[in-house]
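Residue numbers (our numbering), protein chains in the order written: chain A, 46 to 165; chain B, 46 to 165.
A short worksheet on the structure shown next.
Protein chains: 2
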Amino acid sequence: MSLRGSLREIVESVDGALAAIIMAYDGIPIDEVVAAQTEFDLQLLTVEYATVLKEIKRAVAVIKVGEMEEVSIATGQVRVVMRVLNDELFTVLIMTKNGNFGKGRYLLRLKSPAMAEELG
Amino acid sequence: MSLRGSLREIVESVDGALAAIIMAYDGIPIDEVVAAQTEFDLQLLTVEYATVLKEIKRAVAVIKVGEMEEVSIATGQVRVVMRVLNDELFTVLIMTKNGNFGKGRYLLRLKSPAMAEELG
């Protein structure tokens, strides 16, 4: 399945999904599927969260607990799950507050190996 | 229930739990229950993750998606869930890689309002 196909399947299978994006740590999107119009600034969100992920990667290296695999952040209005694909890229799934967080995490984990392979 | 009682109940109810801690954003623990000897430096972990949480709080304020509520970080060896209690304090649950992440999240969410109240 193509990268975009995988992203689309995730977005369409998860209740409350707003977007699924493959990104680089510098905040530049490689591919994305946006489900619906939203009041949130998704570009600003992903750029800020990419910065956060770099900071977590640094912290994880300091405390020596293995490689960073997955980070999720829930706020009053959105839930975001990020999963590392390789040294340069990660996937981001953005859901509404009441989105199906468990299924989102599950599908991201399930699809990540194939997406990582697709990215070479 | 006392703060320590709540922390103990969380640690004893979650498979794979290593420790439950109430912390300030400066990395200083207010109260903690450690379940078992572990190879990991839990103090270093909590100090580093407190720094990470401050960075996430900053990012969340920039993107305007409501207040930060919960952050989880999974690495090759440990899973950590952090839940905000008030402006100064948060709870941290540290689990092994194969710990019951879902139950850990659930109990932290369930117990947080009472812990926040206990803290005044």
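Beta carbons: idealized from backbone N, C-alpha and C, even for Gly.
- Taking 9 Å as the cut-off, the beta carbon of Leu134 (chain A) is found no closer than this to the beta carbon of Ala159 (chain A).
- Ala81 (chain B) is classed as exposed because its beta carbon has fewer than 16 other beta carbons within 10 Å across all chains shown.
- The count of Cβ pairs closer than 8 Å, one atom from the stretch 124-139 of chain B and one from the stretch 126-145 of chain A, stays below three, leaving the stretches out of contact.
- The Cβ atoms of Ala95 (chain B) and Gly72 (chain B) sit closer than 9 Å to each other.
- For Ala104 (chain A), the chain B residues whose Cβ falls inside 7 Å of its Cβ are Glu93, Tyr94, Thr96 and Val97, in order along the chain.
- With a cutoff of 9 Å on beta-carbon distance, Val56 (chain A) and Val92 (chain A) are scored as not near each other.
- Non-local C-beta neighbours of Tyr70 (chain B) in its own chain, meaning closer than 7 Å and more than five positions away in sequence, comprise Ala95, Leu98, Lys99 and Glu133, ordered along the chain.
- Judged by DSSP in its simplified three-state form, Ile67 (chain B) adopts strand.
- The Cβ neighbour count for Leu155 (chain B), taken over all protein chains shown within 10 Å, is under 16; the residue is labelled exposed.
- Taking 9 Å as the cut-off, the beta carbon of Glu114 (chain A) is found no closer than this to the beta carbon of Arg124 (chain A).
- At least 9 Å separates the CB of Val137 (chain B) from every CB of chain A.
- For the pair Ser47 (chain A) and Ser157 (chain A), the Cα-to-Cα distance works out to about 12 Å.
- Taking all protein chains shown into account, Gly149 (chain B) has 16 or more neighbouring C-beta atoms within 10 Å of its C-beta and is therefore buried.
- Less than 9 Å divides the Cβ of Val126 (chain A) from the Cβ of Ser117 (chain A).
- For Glu114 (chain B), the uninterrupted beta strand (DSSP E) run begins and ends at Met113 to Thr120, by DSSP.
- Rounded to whole angstroms, the gap between the alpha carbons of Glu163 (chain A) and Asn131 (chain B) is 43 Å.
- For Gly149 (chain B), there are no C-beta contacts with chain A under 8 Å, since the nearest C-beta of that chain is about 13 Å from it.
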